[in-house]
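Engineer:
Number of protein chains: 2
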Amino acid sequence: MSIERGMDESDGSKEKRKLEDKVMYITCLDMEGVLVPEIWIAFAEASGIPELKKTTRDEPDYDKLMQYRLDILKEHGLGLKEIQETIAKIDPMPGAKEFLDELRSFCQVIILSDTFEQFATPLMKKLGWPTIFCNTLEVAEDGSITGYKMRCEKSKYTTVKALQSIGYETIASGDSFNDLGMIQASRAGFLFKSTEQIKKDYPQIPAYEEYDELLAAIRAAMAQE
Amino acid sequence: MSIERGMDESDGSKEKRKLEDKVMYITCLDMEGVLVPEIWIAFAEASGIPELKKTTRDEPDYDKLMQYRLDILKEHGLGLKEIQETIAKIDPMPGAKEFLDELRSFCQVIILSDTFEQFATPLMKKLGWPTIFCNTLEVAEDGSITGYKMRCEKSKYTTVKALQSIGYETIASGDSFNDLGMIQASRAGFLFKSTEQIKKDYPQIPAYEEYDELLAAIRAAMAQE
C-alpha cells in the first residue's frame, strides 16, 4: 500500500532496493503487567475489597466476571468517580514512564489494552498521555457503571492488522495469553514480565524482564530492515 | 464490529439502546498550520534558504517539489542531522501544547500529517510525544537524504477509515485541502486556522481560529452520542 520514491534512481538497483525496504514501525504495548500493575488486583488492594482480586483464571467467562465485578462495585457504592480516585493512587511500574519516553523518541507507540478508558485515564496521565486503544464503560448520570463496550473482536490482533493496512509494520510486546495474537502477527514480538508457563509454551518468542532489554530488542528489530 | 453488553438488560429497551449508542472517539489532527508552523517555510527561515519556501501552490507535482527541495538541501550540505538541529529551533504554535494536553485528558488523539517522521520528531518532543502517523525519509549512512516513502495512498482518509474499522468514531480537524477527506469521513469535522477560500468553499464545515473553540467543539461532538 505504501509508495516509495528514490531521489536518484540512476544510482542503480542497490539504492532502489534499499528504498523499497524502508519500513515504518509502530510498537504496540500491552498495559497491565507491562507498564502498570494489574488494575483490578491493584484496585482490590487500594479499595480494600479482596473479592475484586478474582481474574479470568478463576472465572474464564469474561461477561460473568465483569457482572460479578460491577455487582461488587454497586454493593460498595463505588461509582466511576470513586473508582477513578482509587485508581489515581496506583502508580505505573518503576521505570515505565522513562521507558515510554525513550521509546516514543524513536518509534511511534500505541498501548493496546483490554481495560476500559475510564480506568486507564488516571494512569495515562502519570505516563505522559500516551495513546491507548482499549474499551469503554457505560456510566449512568448518577456515576454508577451500568455496562461496558468491547471495541472490537480479538482487539489486539485486529488492531495490529489495521495498522499494517495503513503502511506500518508492528512490533508488539505483552505478558499474557491475550497478547499472543498481536505478538505473532507482528514483524517482531516479545514477551515481557510474562509467566513461566507462557515462556515455556512459547520458547520461540524472546522474553525479557527489564525495560532496558525490551528497548534494546525493539531498536534491534527496527535496525534489521 | 464492536460488542456492547448491558449489565442489567432487564431494565428494558431504553437502557439497552443507550448502550448500543455508546461511542469511542479518536480525534485526528493535522499538524502543520494547526499545532506547528508550516515546516518547510519555518525551515527556510531558520536555515536562511528562501528557495525552500516553494510549496505545492507553486509546484503542484509533489515528486518534483520534493526532488527540488532535496537537491537544495544537498547543495547546502544539509543532512538529516543539520535539518533536525534547525527544526529543533522551531516552536509549536502558542497554546498548542496546552491544547493537546487538555485534549488528551478526555479523548484519544492521533496526529495525521503528510510530513516525515524525521522532521516531526523534534516538534513532537516539544509537544510531549503525541502519537503521529506520517511518512518517512530514506537517509544514507553519511546522513544525506536519498529518498522518501509515503505511508499509504490518501493517507489521512485511509487512516480514519482504518480507525473506524477497529471500533472508533473519528473527529477530525485541519486547515488544508488534504484534510478535507478525513474531515468529511468523520463523525464530526472542523476547519482550524484555514484559508478564507477553503472556508468559503466549504461553508458546511464549522471553522475555528482558537484552540478553546476547537476544544469546545470536540467536547460537544462527543457529548452528542
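So the protein sequences, as listed, match chains U and Z.
In terms of our numbering, the first sequence opens at residue 1 and continues consecutively.
In terms of our numbering, the second sequence opens at residue 1 and continues consecutively.
No residue lacks a Cβ here, since even glycine has one placed at the ideal position from N, Cα and C.
Small disclaimer: the values here were computed from a predicted structure and weren't measured.
Going by C-alpha to C-alpha distance, which of U/THR55, U/LYS74, U/LEU73 sits closest to U/LEU65?
Structural biologist: Start at 1 with the first residue of the first sequence, and residue 65 of chain U comes out as number 65. Ranking U/THR55, U/LYS74, U/LEU73 by Cα distance to U/LEU65 puts U/THR55 first.
Engineer: Helix, strand or coil for U/ASP91, going by three-state DSSP, please let me know.
Structural biologist: Taking the first residue of the first sequence as position 1, residue 91 of chain U is located at position 91. Here U/ASP91 sits in coil by DSSP.
Engineer: Residues of chain U with CB closer than 7 Å to the CB of Z/ARG104, please, in chain order.
Structural biologist: Indexing the second sequence from 1 puts residue 104 of chain Z at position 104. The answer, in chain order, is TRP129.
Engineer: Check whether the Cβ atoms of U/GLY143 and U/LYS81 lie closer than 7 Å to each other.
Structural biologist: Position 143 of the first sequence, counting from 1, holds the residue named residue 143 of chain U. Position 81 of the first sequence, counting from 1, holds the residue named residue 81 of chain U. Cβ distance < 7 Å, so U/GLY143 and U/LYS81 count as in contact.
Engineer: For a contact defined as C-beta to C-beta under 8 Å, what are the partners of Z/THR159 on chain U?
Structural biologist: Taking the first residue of the second sequence as 1, we reach residue 159 of chain Z at position 159. Ordered by position in chain U, the residues that pass the 8 Å Cβ test against Z/THR159 are ILE166.
Engineer: For the beta strand (DSSP E) that contains U/GLU102, what are its first and last residues?
Structural biologist: Here residue 102 of chain U is taken as the residue at index 102 of the first sequence, counted from 1. Segment 96 to 104 is the alpha helix (DSSP H) holding U/GLU102; no beta strand (DSSP E) there.
Engineer: Return the residues of the stretch 107 to 121 of chain Z that lie within a Cβ-Cβ distance of less than 8 Å from chain U, sorted by chain order.
Structural biologist: Per Cβ criterion, the list reads GLN108, VAL109, ILE110, GLU117, THR121.
Engineer: Taking CB distances under 7 Å as the criterion, tell me whether Z/LYS149 reaches chain U.
Structural biologist: Taking the second sequence and counting its residues from 1, one reaches residue 149 of chain Z at position 149. Taking Cβ atoms only, chain U reaches closer than 7 Å to Z/LYS149, which makes this a yes.
Engineer: Could you list which residues in chain U have their beta carbon closer than 7 Å to that of Z/LYS22, in chain order?
Structural biologist: Looking up residue 22 of chain Z in the second sequence gives position 22. Those are THR136, GLU138, LYS149, listed as they occur along chain U.
Engineer: Using a cut-off of 9 Å between C-beta atoms, extract the partners of U/ASP101 located in chain Z.
Structural biologist: Sequence index remark: in the first sequence, residue 101 of chain U carries index 101 (1-based). The contacting residues are TRP129.
Engineer: Does any residue of chain Z bring its CB to less than 7 Å from the CB of U/ALA162?
Structural biologist: As a working mapping, residue 162 of chain U is identified with position 162 in the first sequence. Yes, U/ALA162 counts as interfacial toward chain Z.
Engineer: Start and end of the beta strand (DSSP E) containing Z/PHE116?
Structural biologist: Counted from its first residue, the second sequence places residue 116 of chain Z at position 116. Per DSSP, Z/PHE116 belongs to the beta strand (DSSP E) from 108 to 116.
Engineer: Z/LYS154 by DSSP, collapsed to three states: which one?
Structural biologist: Here residue 154 of chain Z is taken as the residue at index 154 of the second sequence, counted from 1. It is coil, neither helix nor strand.
Engineer: What's the call for U/GLU75, buried or exposed, on a 16-neighbour Cβ count within 10 Å?
Structural biologist: Along the first sequence, one-based indexing puts residue 75 of chain U at 75. So U/GLU75 ends up on the exposed side.
Engineer: Would you mind telling me which residues of chain Z sit closer than 8 Å to U/LYS125, beta carbon to beta carbon, in chain order?
Structural biologist: One-based indexing of the first sequence puts residue 125 of chain U at position 125. Correct list: SER105.
Engineer: In the structure shown, what three-state DSSP assignment does Z/ALA220 receive?
Structural biologist: Within the second sequence, residue 220 of chain Z is the residue found at index 220, counting from 1. Note: Z/ALA220 maps to helix in three-state DSSP.
Engineer: Determine the closest residue to U/ILE26 out of U/ARG187, U/ILE198, U/LEU35, with distance taken between C-alpha atoms.
Structural biologist: As a first step, residue 26 of chain U is located in the first sequence; it is residue number 26 there, counting from the start. Out of U/ARG187, U/ILE198, U/LEU35, U/ARG187 has the C-alpha closest to the C-alpha of U/ILE26.
Engineer: Closest to Z/GLY128 by C-alpha separation, out of U/LEU123, U/LEU100, U/GLY174, would be which residue?
Structural biologist: To locate residue 128 of chain Z, count along the second sequence from 1; it is residue 128. Z/GLY128 has its Cα closest to that of U/LEU100, out of U/LEU123, U/LEU100, U/GLY174.
Engineer: Go to U/TYR202, then tell me how far its alpha helix (DSSP H) extends in each direction, as first and last residue.
Structural biologist: Residue numbering aside, residue 202 of chain U sits at position 202 when the first sequence is read from its first letter. Run containing U/TYR202: none; DSSP gives neither H nor E here.
Engineer: Taking the beta strand (DSSP E) that Z/TYR68 falls in, what are its first and last residues?
Structural biologist: Position 68 of the second sequence, counting from 1, holds the residue named residue 68 of chain Z. Note, Z/TYR68: premise wrong, no beta strand (DSSP E); alpha helix (DSSP H) at 62 to 75.
Engineer: Is U/TYR62 buried or exposed, if buried means 16 or more other CB atoms sit within 10 Å of its CB?
Structural biologist: If you number the first sequence from 1, residue 62 of chain U lands on position 62. With fewer than 16 Cβ atoms within 10 Å of its Cβ, U/TYR62 is classed as exposed.
Engineer: Quick one: residues in its chain with C-beta nearer than 6 Å to the C-beta of U/ARG151, no 5 flanking neighbours on either side, listed in chain order?
Structural biologist: Taking the first residue of the first sequence as 1, we reach residue 151 of chain U at position 151. Closer than 6 Å at Cβ, skipping near neighbours: ASN135.
Engineer: Tell me which same chain residues have a C-beta within less than 6 Å of the C-beta of U/ILE41, skipping the five on either side of it?
Structural biologist: On the first sequence, residue 41 of chain U is found 41 positions in, with the first residue counted as 1. Once the five neighbours on either side are set aside, the close Cβ partners of U/ILE41 are LYS53.
Engineer: Buried or exposed: where does U/ARG17 fall if 16 or more other Cβ atoms within 10 Å of its Cβ makes it buried?
Structural biologist: Position 17 of the first sequence, counted from the first residue, corresponds to residue 17 of chain U. Any reading at U/ARG17 must be qualified, since the residue scores a pLDDT of 40, below 50, and its modelled position is unreliable; no value is offered.
Engineer: Span of the alpha helix (DSSP H) holding Z/SER176?
Structural biologist: For the purposes of this step, residue 176 of chain Z is identified with residue 176 of the second sequence, where counting begins at 1. Segment: none, Z/SER176 is in no alpha helix (DSSP H) and carries neither H nor E.
Engineer: Mapping the DSSP letters down to three states, classify U/VAL34 as helix, strand or coil.
Structural biologist: Locating residue 34 of chain U in the first sequence gives position 34, counting from the first residue. In the structure shown, U/VAL34 sits in coil (DSSP, three-state: anything other than H, G, I, E or B).
Engineer: Rounding to the nearest angstrom, what Cα-Cα distance links U/ASN178 and U/LYS156 in this structure?
Structural biologist: Locating residue 178 of chain U in the first sequence gives position 178, where the first residue counts as 1. Locating residue 156 of chain U in the first sequence gives position 156, where the first residue counts as 1. Cα to Cα, U/ASN178 sits roughly 8 Å from U/LYS156.
Engineer: Which residues of chain U have a Cβ atom closer than 9 Å to the Cβ of Z/ILE132, listed in chain order?
Structural biologist: Translated into the one-based positions of the second sequence, residue 132 of chain Z becomes position 132. Near Z/ILE132 (Cβ distances below 9 Å), the residues of chain U are GLN108.
Engineer: Using the Cβ count rule (16 or more neighbours within 10 Å means buried), how would you classify Z/GLN257?
Structural biologist: Outside the displayed span of chain Z (1 to 225) sits residue 257 of chain Z, for which this structure offers no information.
Engineer: Please confirm whether any heavy atom of the ligand SAH lies closer than 6 Å to the CB of U/ASP61.
Structural biologist: Here there are no bound small molecules, and the ligand SAH is not part of this structure.
Engineer: I need the boundaries of the alpha helix (DSSP H) containing Z/ALA140, first residue and last residue.
Structural biologist: By one-based count along the second sequence, residue 140 of chain Z stands at place 140. Here Z/ALA140 belongs to no alpha helix (DSSP H), and DSSP marks it neither H nor E.
Engineer: Around the Cβ of U/ALA223, are there at least 16 other Cβ atoms within 10 angstroms (buried) or fewer (exposed)?
Structural biologist: The sequence position of residue 223 of chain U within the first sequence is 223, counting from 1. Exposed.
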